[in-house]
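Using my numbering, you'd call the opening residue of the sequence shown number 22 and step up by one each time. For glycine and all other residues, C-beta sits at the position ideal for the given N, C-alpha and C.
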Amino acid sequence: MVYDLDTNKAHCLNKTAAAVWRFCDGKTSVPEIAQFLSSESGTNVDSDLVWLAIDQLNESSLLEVQVEPKFQGQSRRDAIRKIGIASMIALPIVASLVAPKSAMASTSCRCDNGTNTDCLLQGSCPTTCNIGPNVCI
22 MVYDLDTNKA HCLNKTAAAV WRFCDGKTSV PEIAQFLSSE SGTNVDSDLV WLAIDQLNES
82 SLLEVQVEPK FQGQSRRDAI RKIGIASMIA LPIVASLVAP KSAMASTSCR CDNGTNTDCL
142 LQGSCPTTCN IGPNVCI
């Protein structure tokens, strides 16, 4: 799991995508990453599979430097066909979702009169919501 503080997005990377992401250090070549994945998985991993992972990482803004997509203009299905069915076990997957900002995810008060009021932002409960000093219901 990779959390981007700038965009408030959480990215779940499978084992293949995570391994490629770890090796995207500006020093390790695509063939070297493919060789590592091959030795880890016990199957032949083509450089195109690494490029597919890099394209996904790039698309999710998980790389410091944007790279030109290798499979630009091709659907994911076409890219997978090009890589080959033999590599299906190692297919990289990056699933992303937007997480609420911490202030939005925090508990707030709910007024009985049907309107929602955020006591945390106001610093105290409005009198219409108050059942006691600074107590919202």
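Proximity of residue i and residue j at Cβ, strictly below 9 Å
{"i": "Cys33", "j": "Val88", "result": "no"}
Residues near residue i by beta carbon distance below 6 Å, same chain, minus five either side
{"i": "Lys36", "result": "none"}
{"i": "Ser160", "result": "Since the first residue of the chain shown is 22 and the last is 158, residue 160 is not available in this structure."}
{"i": "Ser117", "result": "Lys30, His32, Ser81"}
Own chain residues within Cβ distance below 7 Å of residue i, not counting five before or after
{"i": "Leu84", "result": "Cys45, Leu78"}
Residues of its chain near residue i, where Cβ-Cβ distance is below 8 Å and the 5 sequence neighbours each way are ignored
{"i": "Tyr24", "result": "Lys30, Ala31, His32, Ala120"}
{"i": "Val86", "result": "Gly47"}
{"i": "Leu58", "result": "Thr37, Ala40, Val41, Val66, Leu70, Val71, Ala111"}
Residue-chain proximity (residue i, chain C), Cβ-Cβ < 9 Å
{"i": "Ser82", "result": "Going by chain labels, chain C is absent from the structure shown, which holds only one protein chain."}
Separation of residue j from residue i, as counted between CA atoms
{"i": "Asp76", "j": "Arg102", "result": "16 Å"}
{"i": "Met22", "j": "Arg43", "result": "12 Å"}
{"i": "Thr136", "j": "Thr64", "result": "With a pLDDT of 48 at Thr136, under the threshold of 50, the modelled position of that residue is not reliable, and no figure is offered here."}
{"i": "Leu26", "j": "Glu61", "result": "31 Å"}
{"i": "Leu73", "j": "Thr49", "result": "16 Å"}
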